[in-house]
Structure formats: C-alpha cells, structure tokens
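If you're matching positions, the sequence shown starts at 418 in our numbering and goes up one per residue. Positions of the beta carbon are idealized from the N, C-alpha and C atoms, including for glycine. Contents: one structure, followed by commentary.
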Amino acid sequence: MPVEGIWDLSVSTPVGTIEAVVELRREDGALTGVAQGAGEEVPLGDVALDGDRLTWRQAVTKPLRLNLAFAVTVTGDSMTGTSRAGRLPASRVTGRRRTAPQATETRP
Numbered sequence: 418m419p420v421e422g423i424w425d426l427s428v429s430t431p432v433g434t435i436e437a438v439v440e441l442r443r444e445d446g447a448l449t450g451v452a453q454g455a456g457e458e459v460p461l462g463d464v465a466l467d468g469d470r471l472t473w474r475q476a477v478t479k480p481l482r483l484n485l486a487f488a489v490t491v492t493g494d495s496m497t498g499t500s501r502a503g504r505l506p507a508s509r510v511t512g513r514r515r516t517a518p519q520a521t522e523t524r525p
C-alpha cells in the first residue's frame, strides 16, 4: 500500500506528547513531504521507503531547536516507530492515516 497521504502523528517525548501532521506525496517518482506541529511547518528531508520501513529527517525549532530522524513501520493506515534527536533517547511515534476528508472551517 502506498504511504502517500496525510498522517496524524503522536510523538511521546520526555517532556510530553507532541501532536503533528505529516503530509507525504510523490513528486517525479520521489517521496517528499512536510510536517506541521507546534505552530510551524517544516519540509521533510531524506524521505525513503524500503518495503514497509519509512524514514525521514526534519528540523524543528519548537518547543526546542532539534534535528529529528524518524524510522517507522507502515502497516495499512497506521505507523509505529521512533524519532531520535541526536544523542537523546528515542521517542515513541504512532500515526494514523486520515482516510476521510477533515472538516474545514469556512469563513464568511
């Protein structure tokens, strides 16, 4: 099953759970994406899929400035794995693909 789509992620860190949204898409045959969370949107780097193992890197500035490396296993519409920030302990990552369009707020 392709990994492209919008994923709601939960990252369990030592300072609490961080919610994020990752959008994965294929452009010119390569996987790309962006992550949104903590009031910022950042591009994903080095996105790679090997079988059911998906990896990517991203830099964040909130709540701390960190370079994160994700390694997850995708099974259907769910993913589980870890995120690492340098020498810090790995954080548990779980994710769920959005299967139905989310309601959008309309403005008058």
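- Message: Between G422, L461, P480 and T499, which has its C-alpha nearest V489's C-alpha?
- Response: T499
- Can you say whether A452 is buried or exposed, counting buried as having 16 or more other CB atoms within 10 angstroms of its CB? buried
- Residues sharing a beta bridge with P460, DSSP: Note: P460 sits in a beta bridge opposite V451.
- Message: When you compare the CB positions of A455 and P480, do they come within less than 8 angstroms of one another, or not?
- Response: yes
- Task: Identify which residue in D463, G493 and M496 has its Cα closest to the Cα of N484.
- Result: Closest option to N484, judged by alpha-carbon separation, among D463, G493 and M496: D463.
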